[in-house]
Amino acid sequence: MKIKNICCIGAGYVGGPTMSVIANQCPDIVVTVVDLNETRIEHWNHPDVENIPIYEPGLSKIVSEARGRNLFFSTDVDKAIDEADIIFISVNTPTKTYGLGKGKAADLKYIELCARQIARVAKTDKIVVEKSTLPVRTAEAIKNILNNTGNGVKFQILSNPEFLAEGTAIADLLNPDRVLIGGDQSDEGKEAIQALVDVYAKWVPIKNILTTNVWSSELSKLTANAFLAQRVSSINSLSELCEVTGADVNEVAKAIGMDSRIGPKFLNASVGFGGSCFQKDILNLVYIAQSYGLNKVADYWEQVIIMNDHQKNRFANRIVKSLYNTVSGKKITFFGWAFKKDTNDTRESAAISVANDLISEQAEITIYDPKVSAEQIYADLDYLGQRSPEENRKFVKVVNDPYDAIVLSHAIAILTEWDEFKNYDWERIYGGMMKPAFIFDGRNILDSAILTDLGFTYIGIGS
Ligand code: UDX
Ligand code: UDX
114 MKIKNICCIG AGYVGGPTMS VIANQCPDIV VTVVDLNETR IEHWNHPDVE
164 NIPIYEPGLS KIVSEARGRN LFFSTDVDKA IDEADIIFIS VNTPTKTYGL
214 GKGKAADLKY IELCARQIAR VAKTDKIVVE KSTLPVRTAE AIKNILNNTG
264 NGVKFQILSN PEFLAEGTAI ADLLNPDRVL IGGDQSDEGK EAIQALVDVY
314 AKWVPIKNIL TTNVWSSELS KLTANAFLAQ RVSSINSLSE LCEVTGADVN
364 EVAKAIGMDS RIGPKFLNAS VGFGGSCFQK DILNLVYIAQ SYGLNKVADY
414 WEQVIIMNDH QKNRFANRIV KSLYNTVSGK KITFFGWAFK KDTNDTRESA
464 AISVANDLIS EQAEITIYDP KVSAEQIYAD LDYLGQRSPE ENRKFVKVVN
514 DPYDAIVLSH AIAILTEWDE FKNYDWERIY GGMMKPAFIF DGRNILDSAI
564 LTDLGFTYIG IGS
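Quick note: the sequence shown, position 393, residue 506 per the numbering used here, numbers continuous.
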């Protein structure tokens, strides 16, 4: 079977970039990305491609090449489902905020709604692909819904988790370490797997396309994120030990990373990991383990989250402690709000937690981030529900210029590792600040020797 028409439900950080790259690499396939959110689709169709809703290096260019040719963004979900041979489900699966599994399990409401909509609309056989990260055995649930509510058409369910990291999404999609496709091991299942393999094989070497059963594929995605997050929490736990013993966590990370068995990646000590996946996926893993009564397994992975929360709180506490145990009425400047550089995504960003802690201490926070809007920052704080929107706006100001942000500030906190921070005129910044001028480098990206020479009190993570 040859795929000619793809529909993707969900025009988010995963669906948008992934489908743009597929459309770009496969000009003979029509790709339609649909979303319930009309404003989001309007932005994807914005005449100026620089205004699409997601900032990812290289994405605008790819969209400008493919959009209108074989890449379309639409809110007509039924039509796109009807016309497609293969439907990717790429909607969000947030952690449940209510009921059974609250705070841990993934909320599969949207996935189920998609499955029911597909079942209602489909008039010809379809392949349905789980692109969202899902708990193990979700494919089974989707299959049940499709087979019991459909119009008699046949469905094959595949799991094809996405491993792209934000900020490098396009490079990751063009040169993936691997593409993982899980499917039923029956003849029909294998045929569906092959159809999707053929799509990726247009640009991914066949040796990098891995096929497995559905459950291995689903679990591999959770496991990959859990392992990556665990490395960050491991090095962060040691950063605290370094601070009290006089070791330097950067040196330790370098020394252990040169062991080829360990490797150098994901060993940057930081203010804590964020993003839409790590915490959610680990909580999911914890929930699954608990639901099978595997409490030791659950506790083991939960510790990764506990350590991450500790690291975020610890960073805020260190600021308070260093500023003579009070930040009340003091201006503190945040450089960065996104959960990592080169993205405008702020989900679970450590900055949110640190700001919350400092507002509780009555600090006045001024924020500059090159890509995140004031609207988003206030929405993140309001979402916490810790205080009224008016209070959040009283304590937090968002500015568009880093040099305006630091005027009469007592301290700067680096929350995101944006490259531009390294090239600022730090002498000028020092001149504009209150003295002593503190820098809390939550990403260890600045040169402590140079800043100390300029007069700053520099405090990094793990040294
Ligand atoms: C994220 C994670 O990155 C992914 O791994 C996880 O499994 C799902 O959530 P992402 O693309 O970043 O995926 O999510 P998001 O940017 O929130 O996009 C989801 C889109 O789906 C939204 O635009 C939303 O409007 C849309 N949606 C949601 C629908 O179109 N229909 C629905 O029923 C629900
Ligand atoms: C992650 C996975 O890498 C990706 O494969 C999956 O598809 C989605 O989840 P993402 O969350 O976009 O991707 O970014 P990632 O680069 O993994 O960073 C996650 C968080 O960890 C960020 O807040 C980052 O700043 C932090 N981090 C990462 C560290 O603090 N130290 C490190 O050494 C690496």
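Even glycine gets a Cβ: it sits at the ideal position worked out from N, Cα and C.
- request: Check the C-beta distance from V512 over to T479 and give it rounded, since I have them as a contact under 8 Å.
  value: One-based indexing of the sequence shown puts residue 512 at position 399. One-based indexing of the sequence shown puts residue 479 at position 366. Yes, they are in contact, since the Cβ atoms of V512 and T479 sit about 6 Å apart, within 8 Å.
message: What does the Cβ neighbour count give for I348, buried or exposed, with the cut at 16 atoms within 10 Å?
response: Here residue 348 is taken as the residue at index 235 of the sequence shown, counted from 1. That one is buried.
field: Close-in-space but distant-in-sequence residues of the same chain around I519 (CB under 7 Å, 5 per side omitted)
entry: Position 406 of the sequence shown, counting from 1, holds the residue named residue 519. Taken in chain order, the residues that qualify are T446, I525, I542, G545, M546.
query: Can you name the start and end residues of the alpha helix (DSSP H) that I542 belongs to?
result: Taking the sequence shown and counting its residues from 1, the one referred to as residue 542 is at position 429. From DSSP, the alpha helix (DSSP H) with I542 extends over 539 to 545.
message: Using CA atoms only, rank isn't needed, just tell me which of E225, K454, Q499, L335 is closest to A402.
response: Translated into the one-based positions of the sequence shown, residue 402 becomes position 289. The candidate whose alpha carbon is nearest that of A402 is L335.
query: Measuring CB to CB, does S272 end up less than 8 Å from V204?
result: Along the sequence shown, one-based indexing puts residue 272 at 159. Along the sequence shown, one-based indexing puts residue 204 at 91. Not a contact, by the Cβ cut-off of 8 Å.
task: Reducing DSSP to helix, strand and coil, say where F428 ends up.
output: Counting from 1 along the sequence shown, the entry for residue 428 is found at position 315. Three-state DSSP puts F428 in a helix.
- prompt: Is it the case that the Cβ atoms of Y537 and I552 are separated by a distance below 8 Å?
  reply: The residue you call residue 537 lines up with position 424 of the sequence shown. The residue you call residue 552 lines up with position 439 of the sequence shown. Result no, Cβ atoms of Y537 and I552 do not sit closer than 8 Å.
task: Just jot down, in chain order, the residues whose CB lies closer than 5 Å to any heavy atom of ligand 2.
output: F276, A278, E279, V345, F379, N381, S383, F386, G387, G388, C390, F452, K453
- request: Give the straight-line distance between the Cα atoms of S576 and E540, rounded to the nearest whole angstrom.
  value: Reading the sequence shown from its first residue, position 463 is the one you call residue 576. Reading the sequence shown from its first residue, position 427 is the one you call residue 540. Going by the C-alpha atoms only, they are around 23 Å apart.
task: Note down the Cα distance separating I574 from T565, rounded to an integer number of angstroms.
output: To locate residue 574, count along the sequence shown from 1; it is residue 461. To locate residue 565, count along the sequence shown from 1; it is residue 452. Between I574 and T565, the C-alpha separation is close to 16 Å.
Exposure of A492, with buried meaning 16 or more beta-carbon neighbours within 10 Å: Here the question's residue 492 lines up with position 379 in the sequence shown. Looking at its Cβ environment, which holds fewer than 16 other Cβ atoms inside 10 Å, A492 is exposed.
query: Since Q269 is in the beta strand (DSSP E), which residue starts that stretch and which ends it?
result: Here the question's residue 269 lines up with position 156 in the sequence shown. Start and end: 268 to 272.
- request: Take I418 as the anchor and find which of N338, K454, S330 has the nearest alpha-carbon.
  value: By one-based count along the sequence shown, residue 418 stands at place 305. Checked all of N338, K454, S330; the closest Cα to I418 is N338.
message: Taking 7 Å as the cut-off, is the C-beta of L172 nearer than that to any heavy atom in ligand 1?
response: Residue numbering aside, residue 172 sits at position 59 when the sequence shown is read from its first letter. L172 Cβ: outside cutoff for every heavy atom of ligand 1.
- prompt: Where do the N-terminal and C-terminal ends of the alpha helix (DSSP H) with I224 fall, by residue?
  reply: Along the sequence shown, one-based indexing puts residue 224 at 111. First-last of the alpha helix (DSSP H) with I224: 222 to 234.
- prompt: Can you find a heavy atom of ligand 4 that lies under 7 Å from the Cβ of C227?
  reply: Ligand 4 is not part of the structure shown, which contains ligand 1 and ligand 2 as its ligands.
task: Measure how close the beta-carbons of I294 and C227 come, nearest whole angstrom, since I'm counting them as under 8 Å.
output: As a first step, residue 294 must be located in the sequence shown, where it is residue number 181. As a first step, residue 227 must be located in the sequence shown, where it is residue number 114. Actually they are not in contact, since the Cβ atoms of I294 and C227 sit about 19 Å apart, beyond 8 Å.
Assigned exposure category for Y126 - 16 Cβ within 10 Å defines buried: Position 13 of the sequence shown holds residue 126. Under this definition Y126 is a buried residue.
query: To which residues does DSSP link K444 through a beta bridge?
result: Sequence index remark: in the sequence shown, residue 444 carries index 331 (1-based). Per DSSP, E477.
message: Less than 8 Å between the beta carbons of G128 and I283, yes or no?
response: As a first step, residue 128 must be located in the sequence shown, where it is residue number 15. As a first step, residue 283 must be located in the sequence shown, where it is residue number 170. No, these two residues do not count as a Cβ contact at 8 Å.
query: Is it buried or exposed for R180, if we count other Cβ within 10 angstroms and need 16 for buried?
result: Here residue 180 is taken as the residue at index 67 of the sequence shown, counted from 1. Classification of R180: buried, given that the 10 Å Cβ count is 16 or more.
- prompt: Where do the ends of the beta strand (DSSP E) carrying C390 lie?
  reply: Position 277 of the sequence shown, counted from the first residue, corresponds to residue 390. Element bounds for C390: n/a, residue is neither H nor E.
- request: Go ahead and pull the three-state DSSP assignment for Y571.
  value: By 1-based counting over the sequence shown, the position of residue 571 is 458. Here Y571 sits in strand by DSSP.
field: Any non-hydrogen atom of ligand 1 closer than 7 Å to V292 Cβ
entry: Working through the sequence shown from its first residue, we reach residue 292 at position 179. Because no heavy atom of ligand 1 lies under 7 Å away, the Cβ of V292 does not count as near it: no.
- prompt: Looking at the unbroken beta strand (DSSP E) that takes in D525, where does it start and where does it end?
  reply: Start at 1 with the first residue of the sequence shown, and residue 525 comes out as number 412. Here residue 525 turns out to be Ile, not Asp, going by the sequence shown. Where I525 is concerned, the enclosing beta strand (DSSP E) stretches over 524 to 527.
message: According to DSSP, is T152 part of a helix, a strand, or is it coil?
response: The count along the sequence shown starts at 1 and reaches residue 152 at position 39. Here T152 sits in helix by DSSP.
field: First through last residue of the alpha helix (DSSP H) which encompasses F579
entry: Nothing in the structure corresponds to residue 579, since the chain is present only between 114 and 576.
field: Same chain only: Cβ atoms within 6 Å of L494, ignoring 5 sequence neighbours per side
entry: To locate residue 494, count along the sequence shown from 1; it is residue 381. So the qualifying residues of the chain are N505.
Exposed unless 16 or more other CB atoms sit within 10 angstroms - verdict on T459: Start at 1 with the first residue of the sequence shown, and residue 459 comes out as number 346. Result: buried.
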